[in-house]
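Residues 797 to 1103 (our numbering) are what the sequence shown spells out, left to right.
No residue lacks a Cβ here, since even glycine has one placed at the ideal position from N, Cα and C.
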Amino acid sequence: MSLDSVATADRFVDLAGLLESCEVDGFRAAFLSWGHYRPEYWRNYWHSHSFHEVCLAYSGEGRFNSGSVQYDVTPGSVFLARPGDIHEIESSRTAPLGIAFWGFTFRPAGVPGAAGASGPSDASGWWSGLTRSDGPVMSSRAGSLPALITALAAEAAAPVAGYSTALSALGATLVMETARAFALDDDLAVEPVRRDRGPLVVEAMQRHLRDNLSRPITVRDVAAAAHLSERHAERLFTQQTGASIMSTLRRLRLELAAQLLLDHTLSVTEIAKACGYSDVRPFSTAFKRKYGRTPGDHRRAGGTEFM
């Protein structure tokens, strides 16, 4: 989502009183301020906060002074004042600065405000962008911040059932994406994530079989559900399970039949149809081939083996 959407997200300020706190990865954030400045000349003079204040510039130009360092601000700039940082922001007069800003405390979640409260055991991680006192205060990594600001403003503008849960999730992501913008590359590095889609795709195919046991099913249907060719689907399925798609379908149908036969309110004909057989005769033949007895014998035995 572009920065243009942030320009129209002026209802961002309505989050006050709606989103007060959230927890993420062992930390608790308490939100203290929400703001949205239109592109008009403005300046806030030297000051500091007891919390983190973050700004995203969506239009115009300006400068951000943090301590003795001056930073140029342009659209897409994200800048941060950590607790105690003395700073000021001034908009350009010729190209007024438009920003959205948010302020929050950030502490380990165990005991709010306690120095020894439990938090992540690793010293570095995405949170280092907020906890590292010597970290950067200016970033061009806006990432998903524009989309999050826009989504939060939309929820605040017209709250509906579930808004509290939605805002909490969006708020937690806002905090994490804020920290990521200022974290060092080494703090964000993780072990390579190895993705083997094979088991997940086969699980999806098995789910399709279970969900459609009463309907006519072909390999083509199962392959299409997994967005694969028939040949690829069959090969992958067999590699992962050791059985073909159709033999698995027959097994699942007969296992379901064995369970349904214990319900005496259902006729054998009804059970056959519920398990994808159009006629009782082929159903009975298949059932006896698998279990060594007819559906009627299975029902009379209550599903237990004959002694």
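Which one of the options has the shortest CA to CA distance from residue i?
i: residue 937; options: 951, 953, 969 and 977; result: 977
i: residue 933; options: 874, 1009 and 1044; result: 874
i: residue 1096; options: 1066, 1054, 824 and 867; result: 1054
i: residue 1009; options: 1037, 1039, 1046 and 898; result: 1046
i: residue 1092; options: 1069, 1065 and 1071; result: 1065
i: residue 1087; options: 1075, 1057 and 827; result: 1057
i: residue 805; options: 827, 828, 853 and 818; result: 853
i: residue 928; options: 1019, 980 and 866; result: 980
i: residue 930; options: 1033, 1030 and 881; result: 881
i: residue 1107; options: 896, 859, 926 and 1040; result: Past the edges of the chain, shown from 797 to 1103, lies residue 1107, and the structure says nothing about it.
i: residue 1119; options: 957, 965 and 844; result: Any answer about residue 1119 is impossible in this case: the structure gives the chain only from 797 up to 1103.
i: residue 925; options: 1043, 849, 890 and 886; result: 849
Please report the distance separating the alpha-carbon of residue i from that of residue j.
i: residue 1017; j: residue 813; result: 51 Å
i: residue 802; j: residue 815; result: 19 Å
i: residue 839; j: residue 992; result: 53 Å
i: residue 892; j: residue 836; result: 5 Å
i: residue 974; j: residue 876; result: 9 Å
i: residue 828; j: residue 970; result: 14 Å
i: residue 1000; j: residue 1059; result: 29 Å
i: residue 997; j: residue 1026; result: 13 Å
i: residue 841; j: residue 900; result: 20 Å
i: residue 1062; j: residue 1011; result: 18 Å
i: residue 909; j: residue 967; result: Unreliable positioning characterises residue 909 in this predicted model, as indicated by a pLDDT of 45, which lies under 50. A coordinate reading is not provided.
i: residue 884; j: residue 871; result: 18 Å
i: residue 911; j: residue 861; result: Confidence is the limiting factor: at residue 911 the pLDDT is only 39, short of 50, which leaves the residue's position unreliable, though a coordinate-based value still follows. The alpha-carbon atoms of residue 911 and residue 861 are separated by roughly 29 Å.
i: residue 960; j: residue 954; result: 12 Å
Below 8 Å CB to CB, which residues in the same chain sit around residue i once its five sequence neighbours on both sides are set aside?
i: residue 986; result: none
i: residue 821; result: 916, 921, 922, 923 and 972
i: residue 1073; result: 1049, 1079 and 1082
Apart from the five residues just before and just after residue i, which ones in its own chain have a Cβ nearer than 7 Å to its Cβ?
i: residue 984; result: 922 and 976
i: residue 846; result: 879
i: residue 809; result: 830, 831 and 832
i: residue 1052; result: 1009 and 1071
Taking 6 Å as the limit between beta carbons, can you name the residues of its chain near residue i, skipping five residues before and five after?
i: residue 1084; result: 1090
i: residue 952; result: 807, 810, 811 and 814
i: residue 866; result: 859
Name the two residues that bound the continuous alpha helix (DSSP H) containing residue i.
i: residue 870; result: No alpha helix (DSSP H) holds residue 870; DSSP gives it neither H nor E.
i: residue 967; result: 959-978
i: residue 939; result: No alpha helix (DSSP H) contains residue 939, which DSSP labels as neither H nor E.
i: residue 1094; result: 1091-1096
i: residue 820; result: Unbroken run through residue 820 is the beta strand (DSSP E), 817-820; no alpha helix (DSSP H).
Is there at least one Cβ from chain B nearer than 7 Å to residue i's Cβ?
i: residue 1010; result: The displayed structure is made up of one protein chain only, and chain B is not part of it.
In terms of residues, what are the limits of the beta strand (DSSP E) holding residue i?
i: residue 904; result: 894-904
i: residue 850; result: 848-855
i: residue 862; result: 858-862
i: residue 831; result: 823-833
- Message: Threshold first: 4 residues or longer. Then list the alpha helix (DSSP H) segments lying entirely within the region 1004-1088, N to C.
- Response: 1015-1021, 1026-1037, 1041-1056, 1064-1070 and 1076-1087
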